[in-house]
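*Asks:* Here it is, the structure, as structure tokens.
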């Protein structure tokens, strides 16, 4: 749960933070980690085929272009690589905020915050929640 600075100054390191009745709200933003859609783990490094769903080259007939990304730009013009080309690199494990989720119930006995909507990240990971960041989203009714 995300707390304001006034609450944080009263809490010491190692204290258990619990929900209270003041946490009752109609909308909330939930922050979590997005992982690779192919599995439940974040990839540190992935090739172009896995990261961008490239088809790959021929597997037979003597081809040596199986999982290589292919051409990356022209040689005479523009004589450089265009910005934003899809290459291999870091895949998944990015911070995602699901905004304007409806709070169904705040259970103070079990310290649970029940929200209606999609919560980012796999099952069992830590998330943080707070008030919606923009007031314009509060008028949307589900």
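Residue numbers (our numbering): 915 to 1056.
Just so it is clear, CB atoms sit at the ideal spot from N, CA and C, and this is done for glycine as well.
1) As a quick exercise: from 1030, 969, 998, pick the residue whose alpha carbon is nearest that of residue 1018.
2) Label residue 1005 either buried or exposed according to how many other C-beta atoms from any shown protein chain fall within 10 Å of its C-beta, with 16 as the threshold for buried.
3) Residue 967: which of 1002, 992, 948 sits nearest, CA to CA?
4) Between the Cα of residue 961 and the Cα atoms of 977, 990, 948, 1000, which residue gives the shortest distance?
5) Where residue 982 and residue 970 are concerned, what is the direct C-alpha to C-alpha distance, given to the nearest angstrom?
6) Measure from the alpha carbon of residue 948 to the alpha carbon of each residue in 1011, 1021, 1020, then state which is nearest.
7) Please report the straight-line C-alpha distance between residue 930 and residue 1042, rounded to a whole angstrom.
8) For residue 936 and residue 986, what's the separation of their Cα atoms in angstroms?
9) Could you check the C-alpha separation between residue 927 and residue 964 for me, to the nearest Å?
10) Count the other CB atoms, across all protein chains shown, that sit within 10 Å of the CB of residue 1040; report buried if there are 16 or more and exposed otherwise.
11) Is residue 1025 buried or exposed, if buried means 16 or more other CB atoms sit within 10 Å of its CB?
*Replies:* On the basis of the supplied data:
1) With distances taken between CA atoms, residue 1018 lies nearest to 1030 out of 1030, 969, 998.
2) By the Cβ neighbour-count rule, residue 1005 is buried, with 16 or more other Cβ atoms within 10 Å of its own.
3) In terms of CA proximity to residue 967, 1002 leads the group 1002, 992, 948.
4) Looking at the Cα atoms, 1000 is the closest of the given residues.
5) Using only the alpha carbons, I get a separation of about 7 Å.
6) Nearest to residue 948 by C-alpha distance, out of 1011, 1021, 1020, is 1011.
7) Taking the Cα positions, residue 930 is about 15 Å away from residue 1042.
8) Per-residue confidence for residue 936 stands at a pLDDT of 47, beneath the threshold of 50, marking its modelled position as unreliable; no derived number is given.
9) Looking at the backbone, the Cα of residue 927 and that of residue 964 are separated by about 41 Å.
10) Exposed: under 16 other Cβ atoms inside 10 Å.
11) So residue 1025 counts as exposed.
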